[in-house]
Every structure is written in structure tokens, then in C-alpha cells.
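As C-alpha cells, the structure follows; a few thoughts come after it.
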């Protein structure tokens, strides 16, 4: 049972780390200058 | 071997399940924001428009008016929580091929809620006072309720009422209407002869504005994909109408609507992937794999508790 809990905790911690990295990267891309911020550029034309 | 596979599956399931939850409740909040580098052009047009021509000193009637609204983001003035956009509106009398008027609106707003923020050199024409309410965009996850929008003629926030759902080119939208009953917002001094008051060299008249402005908003992205502006501006003398300065019903052109809907569809898909389909898929997959992994581990343990294994465990413990 302890190993099961350890596996769950490791999986959850990896998820937290991955989510933090993903959010930081995407937020940086969105807040960058236009050439580096291609996301959500809607409504042209 | 089965136990190891079970533990790996459990860890993977926990990873996917927690990733799904964080994607929905943390990453989405960090990432889904209005852009700093917005650039869009939308055109409105109206027929049978009446306006007062300052050069001809008379009302011009039955003209076709075209309004081009160019919106551009000021990236340098924006931050992670604030965007600053400028919109230049140019009205053109296409019938007589003359410019009618232009207006520049610069506004700062919250990148999540779209609510105006007082900063960064906000202006509407010559007005540099406080702006409040909504302006260029509506909140992500717009709800079917009343909001307030900053009216650029009255220079104050006005209520907009939810008026139902409308599908535009396959895109579900909420329709909001801003009803402005005739309201005085300024005074004008002009020659009396211009308004039939020949006995007075100059008269000061009250300037009234009334409107029914309609906005079609994508509730997921908060983007306005269609607008119509039915407006009337008059000069009145103690309540009696003396002159019509502008009267017309301007509607967004089909080409602009199509362009806005098309580009908004991409953004909508991105937001839904981050807030709905992604978390749901990860969460379900994680839950299934986690349950399967746990079953593998626990089932193995149960089988280990057969009489032979119990005997072995007892002997090993004694040794």
C-alpha cells in the first residue's frame, strides 16, 4: 500500500512540476513581443 | 512484474489526473488572456443615413455611410495582467465621397475580465477622464446577464442587457443590447438662423443622444463578432428638436463578420482545449489508468496472501 501511495505522490508531483513549467512557458510566449506571441491573434482582416 | 506494471500505471494515472485538474484550474487561468498584440479591422455600413454637414451647413440625407474601425494593441504598454488597445474609427460618406468624422479610443483593460482600467493614457477623442465598464472585449466565459459598457458618446458606462442566443455562421453567440433613451450629453452654440431662430444671432442648444447598439459576443472567447449601431444625435431647444446631427443604422458588413467569426473560431478551439476537452480527456484517462494500476497492485497483494505465501512470509519473518 505504501508503494502505491508513493507512486501516486510521484505522479502528482511530476504533474505539478509539468503544469508549472507549461504555464510559465505559455504565459511568457503570450506576454512577449508580437513576433514571439502568435497565440490568440484573432480578428485580423 | 505485474506489481511493477501496476505501480507504473498508478503513477501515470495520478500524473494524468492531476495534470487534468491543474490544466483546468491553474494553467487555463494563467494562459487564457486577451492578447497584447491585437490587430483587427472591422467595417460597418448604413444606408439612408442623415447627418449635418458643417461645410454645407445643412442636413445631408439618404447617404451611404461606411465606418472602418481599426484596432491595434500597444504591446509596450501592456503587462501580464493588462492590455492596452487603440481603436481608430473613420466614418466616410460614400455617396458624396467625403469624410464625415473620426474618433480615436485608447483604453487599458484587464486581460481576463475585459474590464477597463484607468491608466496608460486612456482617451476617447479629446476626453482623457476615467473610463469604466467594458470596451473592446467581453469577459472570457461571458454570462447571459447584464453588463456595463463604456459609451464613447456619453463618456460613461451604460447598461447592456442580455437579449438571447444567436448562431452566426455556426458560431453560438450571446446578443446584448444597449438601449440609450434620449439623453443630453453636451451643448452646442451655433447661429440661430441655422435652426430657424432668425431673431437670435447665436443660440445654445442641448445635444441629445439616443441609441440602440447591439453586440454579438462569443461567450467563450469574449470577442465581439458582430455589432450594429442605430443612433440619433439631435440638437434640441427646451425639448424641441431643432437639428439632426446624425441619424443612421450602421451594421457590420458580412465580410467583416465572416472574418471575425473565422479568426475567433481558432481562438475558441484553443480555449476549449485548455479549459474543457484537455482536462476532461486527461482526467478520465488518468482515473481509468490509476484505477487499473491500483487494482493490479492490490490484486497481486491479495494473491500473495494465499496459505503457501503466508507460510513463506511467516518463515521469512522468523528467519
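Residue numbers (this note's numbering), protein chains in the order written: chain S, -1 to 43; chain F, 568 to 886. A virtual CB, placed ideally from N, CA and C, is assigned to each residue, including glycine.
Which residues in chain S have a C-beta closer than 9 Å to the C-beta of residue 624 of chain F? List them in chain order.
For this step, residue 624 of chain F is matched to residue 57 along the second chain. Going along chain S, no residue has its Cβ under 9 Å from residue 624 of chain F, so there is no contact; the nearest lies around 39 Å.
* **Assigned secondary structure, residue 724 of chain F (DSSP; H/G/I helix, E/B strand, else coil)** => Mapped onto the second chain, residue 724 of chain F falls at position 157. It is a strand residue.
Under 9 Å between C-beta atoms of residue 741 of chain F and residue 726 of chain F: Looking up residue 741 of chain F in the second chain gives position 174. Looking up residue 726 of chain F in the second chain gives position 159. The answer is no: Cβ separation not under 9 Å.
Consider the Cβ of residue 672 of chain F: report whether some Cβ of chain S lies at a distance smaller than 9 Å. Translated into positions along the second chain, residue 672 of chain F becomes position 105. No, because no Cβ of chain S sits closer than 9 Å to the Cβ of residue 672 of chain F.
Review point. So which residues of chain S does residue 574 of chain F contact, with C-beta pairs closer than 9 Å?
Key: Start at 1 with the first residue of the second chain, and residue 574 of chain F comes out as number 7. For a Cβ distance threshold of 9 Å, residue set 1, 2, 4 and 5 of chain S lies close to residue 574 of chain F, ordered along the chain.
Note to self: So for residue 739 of chain F, helix, strand or coil by DSSP?
What the structure shows: As a working mapping, residue 739 of chain F is identified with position 172 in the second chain. Residue 739 of chain F: strand per DSSP, three-state reduction.
Self-check item: Per-residue contacts from residue 19 of chain S into chain F (C-beta, under 9 Å)
Solution: In the first chain, the residue the question calls residue 19 of chain S occupies position 21. Result: empty, since nearest Cβ-Cβ is about 10 Å, beyond 9 Å.
Would you say the beta carbon of residue 612 of chain F is closer than 8 Å to some non-hydrogen atom of the ligand PLP? With respect to small molecules bound, the structure shown includes none, and the ligand PLP cannot be examined in it.
Legend entry - Secondary structure of residue 689 of chain F, DSSP reduced to three states: In the second chain, the residue the question calls residue 689 of chain F occupies position 122. Three-state DSSP puts residue 689 of chain F in coil, outside helix and strand.
- How close, in whole Å, do the beta carbons of residue 599 of chain F and residue 707 of chain F come, if the pair is a contact with beta carbons under 8 Å? Here residue 599 of chain F is taken as the residue at index 32 of the second chain, counted from 1. Here residue 707 of chain F is taken as the residue at index 140 of the second chain, counted from 1. Sure, about 6 Å apart at Cβ, within 8 Å.
### Task
Please report how far the alpha carbon of residue 612 of chain F lies from the alpha carbon of residue 798 of chain F, in whole angstroms.
Against the second chain, residue 612 of chain F aligns to sequence position 45. Against the second chain, residue 798 of chain F aligns to sequence position 231. When rounded, the distance between both Cα atoms is 13 Å.
Please report how far the alpha carbon of residue 673 of chain F lies from the alpha carbon of residue 13 of chain S, in whole angstroms.
Along the second chain, one-based indexing puts residue 673 of chain F at 106. Along the first chain, one-based indexing puts residue 13 of chain S at 15. Taking the straight line joining both Cα atoms gives about 41 Å.
Q.
Taking CB distances under 9 Å as the criterion, tell me whether residue 594 of chain F reaches chain S.
A. Here the question's residue 594 of chain F lines up with position 27 in the second chain. So, interface residue.
**Study point:** Chain-ordered neighbours of residue 15 of chain S on chain F, where CB pairs are closer than 9 Å
**Key:** For the purposes of this step, residue 15 of chain S is taken as the residue at position 17 of the first chain. Those within 9 Å of residue 15 of chain S in chain F number zero; the least Cβ separation is about 10 Å.
Next on the checklist: Buried or exposed for residue 793 of chain F, going by 16 or more other Cβ atoms inside 10 Å?
Outcome noted: On the second chain, position 226 is the one that residue 793 of chain F refers to. Residue 793 of chain F should be labelled buried.
Quiz prompt | Cutoff 9 Å: residue 597 of chain F Cβ touching any chain S Cβ | solution = Start at 1 with the first residue of the second chain, and residue 597 of chain F comes out as number 30. Output row for residue 597 of chain F: interface = yes.
Could you give the C-beta distance for residue 700 of chain F and residue 717 of chain F, rounded to a whole number, given that I count them as a contact under 8 Å?
-> Your numbering for residue 700 of chain F matches position 133 in the second chain. Your numbering for residue 717 of chain F matches position 150 in the second chain. Indeed they touch by this definition, with Cβ atoms about 4 Å apart.
Let me make sure I understand the geometry here. Which of F:800, F:702 and F:745 has the alpha-carbon closest to that of residue 712 of chain F? Taking the second chain and counting its residues from 1, one reaches residue 712 of chain F at position 145. Answer by Cα proximity: F:745.
Problem set entry | Close Cβ partners of residue 827 of chain F (< 6 Å) along its chain, the five nearest in sequence each way excluded | Numbered from its first residue, the second chain carries residue 827 of chain F at position 260. So the list reads 792, once near-sequence residues are dropped.
In the stretch 817 to 877 of chain F, which residue ranges form an unbroken alpha helix (DSSP H) of at least 4 residues, counting only runs that do not cross its ends?
-> 821 to 839 and 845 to 871
- Query: So who's on the other strand from residue 802 of chain F, going by DSSP bridges?
  - Reply: Against the second chain, residue 802 of chain F aligns to sequence position 235. Answer is F:774 and F:810, bridged to residue 802 of chain F.
Item to complete: Please go through the same chain and pick out, in chain order, the residues whose beta-carbon is closer than 7 Å to the beta-carbon of residue 719 of chain F, but skip the five residues on each side of it.
Response: The residue given as residue 719 of chain F occupies position 152 in the second chain. If we look at residue 719 of chain F and ignore the five residues flanking it on each side, its Cβ neighbours are 670, 672 and 691.
Practice task
Could you give the DSSP three-state label for residue 703 of chain F: helix, strand or coil?
Solution key: Here residue 703 of chain F is taken as the residue at index 136 of the second chain, counted from 1. Residue 703 of chain F falls in the coil class under three-state DSSP.
Is the beta carbon of residue 577 of chain F less than 9 Å from the beta carbon of residue 857 of chain F? Translated into the one-based positions of the second chain, residue 577 of chain F becomes position 10. Translated into the one-based positions of the second chain, residue 857 of chain F becomes position 290. Contact flag set, yes.
*Go to residue 669 of chain F, then tell me how far its beta strand (DSSP E) extends in each direction, as first and last residue.*
Translated into positions along the second chain, residue 669 of chain F becomes position 102. Taken as a continuous stretch (DSSP letters only), the beta strand (DSSP E) holding residue 669 of chain F covers 665 to 677.
Margin query: On the DSSP bridge list, what partners appear for residue 784 of chain F?
Written below: Residue numbering aside, residue 784 of chain F sits at position 217 when the second chain is read from its first letter. Within the DSSP bridge table, the entry for residue 784 of chain F names F:741 and F:791 as partners.
> For residue 582 of chain F, which of helix, strand or coil comes out of DSSP?
Replying inline: Within the second chain, the letter at position 15 stands for residue 582 of chain F. Residue 582 of chain F falls in the helix class under three-state DSSP.
Distance between beta carbons of residue 609 of chain F and residue 795 of chain F, contact taken as under 8 Å:
Start at 1 with the first residue of the second chain, and residue 795 of chain F comes out as number 228. Start at 1 with the first residue of the second chain, and residue 609 of chain F comes out as number 42. Not really, about 12 Å apart at Cβ, beyond 8 Å.
- Under the assumption that residue 652 of chain F contacts residue 605 of chain F (Cβ atoms under 8 Å), give the Cβ distance between them as a whole number of angstroms. If you number the second chain from 1, residue 652 of chain F lands on position 85. If you number the second chain from 1, residue 605 of chain F lands on position 38. Between residue 652 of chain F and residue 605 of chain F a beta carbon distance of about 6 Å is seen, short of the 8 Å cut, so the two are scored as contacting.
*asked:* Once the 5 residues before and after residue 2 of chain S are set aside, which same chain residues still bring their CB inside 8 Å of it?
replied: Taking the first chain and counting its residues from 1, one reaches residue 2 of chain S at position 4. Hits under 8 Å: none found.
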